[in-house]
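The numbers in the numbering used here rise by one with no breaks, and the one at position 310 of the sequence shown is 407. Note that beta-carbon positions come from the ideal geometry of N, C-alpha and C, so glycine has one too.
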Amino acid sequence: MCRYFPQADIFTSVYDPKQTISLNERKIYTTFLQTVPFSKRYFRLFAPLYFPAFRSLDLRQYDLIISSTSSFAKAVKKREDAIHVCFCHNVTRFIWNTQFYLQEYHNYRSFAPLLNSIFNTLKQQDFRYAQEPNIYIANSTTVAKRIQNIYKRDALVVNYPVDTNNFIFSDQKEPYYLVSSRLISYKRIDIIVETFNWLGWPLLIIGDGPERAYLEKKALDNIKFLGFVNDELRKFFMSKAQGVIVAALEDYGLVPIEANLSGTPVIAYGAGGILDTQIHEYTGLLFKQQTPDALYKALCQAASHSWDYQNIREHALSNFSEKVFFEKIMKILEAQMNLNEKLKLNLNQIKLV
């Protein structure tokens, strides 16, 4: 977004380029939280202050506001005649699905009564501020349904892109499978490990997380944990793998698209965002249950399937490039602004949140 709208003013709650991304010489406008001690490091503790922080931003000079958020930025104020387009990556999960979101934090139950009281208040605020944007754009059909169910708002689905120039293609595959993921419980890497223990096939696991020690103890010698690897090595492993495996229920998921751009099929749990990006028996194979037995059968089927690696890549290029993404977005913006001359003259008079 920042590259596509180079003249846009950028606002956020707190900004630390060392911990997030560097925007070079672009001026970043922040909220009062920027000066609060420890707000950058312990930002989760300041959750009750984020709605008032974004609400305090004065955006009345802008005709078009584009927010990118899964929580608080949808609360920004605007002029009545201005347009607010919200790219909503998800509903605010930690307040609408608290137990699932916080299951990695082992001390959660000790503070549950206090947190539940705070989250109930945040739910009311979240629903109220969710009515502010003029239009919602979701990254997947799954997220669009959540926006409708929780916020009672319709959302257009525009699948988010990946940098198609940042991956290498190979139709010469090596005899191993690949996982690229954070090692946390909902990713269900345990299913994959158990399945490959049965199969004895080589498996490489890229990524780190709190589940690593448990998974390493569970895995046999055919499974290698590589931890963090640099981008170049990750691209190489992805392009040479027989398949990339996803066992989680994902909201959307970029890893399957990255695999396809590399010419690599995806063996994935067939639910959630994966249904927006994969075609069964064309770009990958989908299994219906999150069990080792279902994954085992899918892997055996995938191993005997005749894959067209070039077609797999072409599907990703045709549907998930930045070019395709922004063509869709500009049509939405133009329609929302009624194709008037003001938009054509002032398209750079926008704000990114």
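DSSP three-state call for residue 257: helix, strand or coil?
-> coil
Would the region 301-314 and the region 323-335 be scored as touching if the rule is three or more Cβ pairs under 8 Å?
-> yes
Excluding the five sequence neighbours on either side, which residues of its own chain have a C-beta within less than 6 Å of the C-beta of residue 369, listed in chain order?
-> 239, 346 and 347
Tell me, please, which residues DSSP counts as bridged to residue 277.
-> 303
For the beta strand (DSSP E) holding residue 233, just list the boundary residues, first then last.
-> 232-235
Can you name, in chain order, every residue of its own chain whose Cβ lies under 6 Å from the Cβ of residue 114, other than the five neighbours on each side?
-> none
Pair within 8 Å by beta-carbon distance, residue 344 and residue 387 = yes
Mind checking which residues open and close the alpha helix (DSSP H) that includes residue 356?
-> 352-358
CB of residue 407 within 8 Å of CB of residue 260, strictly = no
Under a three-way DSSP split, which group does residue 397 fall into?
-> helix
Where residue 361 and residue 393 are concerned, what is the direct C-alpha to C-alpha distance, given to the nearest angstrom?
-> 18 Å
Of the residues 410, 299, 245 and 106, the one placed nearest residue 188, counting alpha carbons only | 245
The alpha helix (DSSP H) with residue 242 in it runs from where to where?
-> 238-243
For the candidate residues 236, 227 and 258, whose alpha-carbon lies nearest to that of residue 249?
-> 227
In angstroms with no decimal places, state the Cα-to-Cα distance between residue 342 and residue 313.
-> 17 Å
Could you check the C-alpha separation between residue 367 and residue 178 for me, to the nearest Å?
-> 42 Å
Residues of its chain near residue 339, where Cβ-Cβ distance is below 6 Å and the 5 sequence neighbours each way are ignored = 270 and 274
Locate the alpha helix (DSSP H) running through residue 330, then write down its first and last residues.
-> 328-337
In terms of alpha-carbon separation, which member of 184, 416 and 140 lies closest to residue 232?
-> 184
Grouping DSSP H, G and I as helix and E and B as strand, with all else coil, what is residue 119?
-> coil
Going by alpha carbons, who is nearest to residue 124 out of 291, 112 and 133?
-> 112
Which stretch, first to last residue, makes up the beta strand (DSSP E) that contains residue 420?
-> No beta strand (DSSP E) holds residue 420; the alpha helix (DSSP H) holding it covers 419-433.
Take the Cβ of residue 420 as the centre, count every other Cβ of all protein chains shown within 10 Å, and call the residue buried at 16 or more, exposed below.
-> exposed
For residue 155, count neighbouring Cβ atoms within 10 angstroms of its own Cβ and tell me buried if that reaches 16, exposed if not.
-> exposed
Simplified DSSP assignment, three categories, for residue 408 | helix
On the premise that residue 280 lies in contact with residue 288, defined as a C-beta separation below 8 Å, what is that separation, rounded to the nearest angstrom?
-> Not quite, the Cβ-Cβ distance comes to about 13 Å (not below 8 Å), so this is no contact.
Which whole-angstrom value describes the C-beta separation of residue 182 and residue 247, a residue pair presumed to lie in contact below a C-beta threshold of 8 Å?
-> That pair is no contact at about 19 Å.
Beta bridge counterpart(s) of residue 347 as assigned by DSSP = 369
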